[in-house]
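Enquirer: To convert, take the position in the sequence shown, counting from 1, and add 676; that gives my numbering.
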Amino acid sequence: MPAPPSGSIRGIVRTRFLNLIKEVQTASGWKVVVVDALSVRCISAACRMSDIMDEGVTMVDNLEKRRQPMPTMEAIYIISPTQASIDKVKADFEDPDKPMYAAAHIYVTYELDNMLIHSLKQSAELVARTKALRELYTEFLTVEHQVYNMDLPEAFHRLYTPSLPKREKQEMIGHIVERLLTLCVTLGERPLVRYKRREGQSAAAAGGEEE
């Protein structure tokens with residue numbers, strides 16, 4: 677995959693990910709990147725593995741799999757803001773005498789709600805070893821230089837299956853709004869949203885974007 681044009685959606689996302697990795701300076705000059713199922717798709721759609729390794733990364737590891745402890749290395753966590761991922765990060769620092777890594781730099785693909793922030797604070801060891809906590813707003817896939825994907829393959833089924841409960845449709849609309857919002861934040865855009873007047877689902881999504 678050749679380097680994308682700097683002004684393209686893929687180029688902007690690539691630069692954002694590589695810059696955050698580059699910003700983490702360690703005494704040894706080396707660091708570990710830890711990703712979850714969603715964030716690895718977002719990153720791999722925009723960056724080559726060689727791009728990441730060129731920034732002093734020794735390993736890209738999966739948060740959801742068993743990992744080799746590296747207590748002398750600092751870790752950059754790029755994860756989705758879910759309770760499951762937060763719990764796994766906390767588990768890495770559960771034993772103060774045997775932490776998985778020397779320090780944590782935590783970046784989430786969307787905003788952390790108050791419940792997740794409270795959950796993070798419950799781990800005194802993790803709080804003590806956390807050097808950064810930032811929201812990235814990059815929860816979408818860059819399919820081509822100027823094409824993106826919300827990565828919600830079940831969206832059409834949920835929105836247009838009459839037998840599904842209204843609650844499930846509203847949840848899906850919420851996910852679409854959140855991911856569109858991360859795209860707008862990444863591009864620095866405040867879009868004008870047009871929708872069919874009598875289409876309730878479109879109106880709900882447009883209303884969510886305005887908020």
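Cβ coordinates follow ideal geometry from the N, Cα and C atoms, glycine included.
Just so we're clear, the structure is a prediction, and the values are computed from it rather than from any experiment.
Is L809 helix, strand or coil when you go by DSSP?
Expert: In the sequence shown, counting from the first residue as 1, residue 809 sits at position 133. Three-state result, L809: strand.
Enquirer: Pick helix, strand or coil for M729, following the three-state DSSP scheme.
Expert: Here residue 729 is taken as the residue at index 53 of the sequence shown, counted from 1. Residue state, collapsed to three classes: helix.
Enquirer: Hey, how far is the Cα of E847 from the Cα of R717?
Expert: Counted from its first residue, the sequence shown places residue 847 at position 171. Counted from its first residue, the sequence shown places residue 717 at position 41. Spanning the two alpha carbons is a distance of roughly 22 Å.
Enquirer: From the DSSP output, read off the bridge partner residues of K842.
Expert: For this step, residue 842 is matched to residue 166 along the sequence shown. K842 is not bridged to any residue.
Enquirer: Around the Cβ of D737, are there at least 16 other Cβ atoms within 10 angstroms (buried) or fewer (exposed)?
Expert: Counting from 1 along the sequence shown, the entry for residue 737 is found at position 61. Buried.
Enquirer: Specify whether the segment 828-840 and the segment 779-799 touch according to this definition: at least 3 beta carbon pairs, one from each stretch, less than 8 Å apart.
Expert: Output reads no: the segment 779-799 does not touch the segment 828-840.
Enquirer: Could you tell me which of L817, D730, D712, Y786 sits nearest to D763, measuring between CA atoms?
Expert: Within the sequence shown, numbered from 1, the residue matching residue 763 stands at position 87. Of the candidates L817, D730, D712, Y786, the one whose C-alpha sits nearest the C-alpha of D763 is D712.
Enquirer: Flag this pair as yes or no: are the beta carbons of V708 and Y783 separated by less than 8 Å?
Expert: Here residue 708 is taken as the residue at index 32 of the sequence shown, counted from 1. Here residue 783 is taken as the residue at index 107 of the sequence shown, counted from 1. It is not a contact, given that the beta carbons lie outside the stated cut-off.
Enquirer: Could you round the C-beta distance between L828 and I852 to whole angstroms and report it? I think they count as a contact, below 8 Å.
Expert: Residue numbering aside, residue 828 sits at position 152 when the sequence shown is read from its first letter. Residue numbering aside, residue 852 sits at position 176 when the sequence shown is read from its first letter. With a Cβ gap of about 7 Å, L828 and I852 count as contacting.
Enquirer: Quick one: residues in its chain with C-beta nearer than 8 Å to the C-beta of L863, no 5 flanking neighbours on either side, listed in chain order?
Expert: For this step, residue 863 is matched to residue 187 along the sequence shown. Cβ neighbours of L863 beyond the five flanking positions: I685, I688.
Enquirer: By Cβ distance below 8 Å, which residues in the same chain neighbour E665 in space, the five residues on each side in sequence not counted?
Expert: Since the first residue of the chain shown is 677 and the last is 887, residue 665 is not available in this structure.
Enquirer: Within the continuous alpha helix (DSSP H) that includes T691, where are the two ends?
Expert: The sequence position of residue 691 within the sequence shown is 15, counting from 1. Element bounds for T691: 685-699.
Enquirer: Would you call H821 buried or exposed, if buried means 16 or more other Cβ atoms sit within 10 Å of its Cβ?
Expert: Mapped onto the sequence shown, residue 821 falls at position 145. It counts as exposed.
Enquirer: Just to check, is the beta-carbon of G683 closer than 7 Å to a non-hydrogen atom of the ligand MG?
Expert: Annotation note on the ligand MG: not contained in the displayed structure, which lists no ligands.
Enquirer: Per DSSP, what are the beta-bridge partners of I752 in this structure?
Expert: Position 76 of the sequence shown holds residue 752. Its beta-bridge partners are V709, H781.
Enquirer: What does the alpha-carbon distance come out to for the pair S720 and P757?
Expert: On the sequence shown, position 44 is the one that residue 720 refers to. On the sequence shown, position 81 is the one that residue 757 refers to. Each residue's alpha carbon lies about 18 Å from the other.
Enquirer: Between the beta-carbon of F769 and the beta-carbon of E801, is there less than 8 Å?
Expert: The sequence position of residue 769 within the sequence shown is 93, counting from 1. The sequence position of residue 801 within the sequence shown is 125, counting from 1. Cβ atoms of F769 and E801: closer than 8 Å.
Enquirer: Taking just the CA atoms, how far does D727 sit from R690?
Expert: In the sequence shown, residue 690 corresponds to position 14, counting from 1. In the sequence shown, residue 727 corresponds to position 51, counting from 1. Cα to Cα, R690 sits roughly 9 Å from D727.
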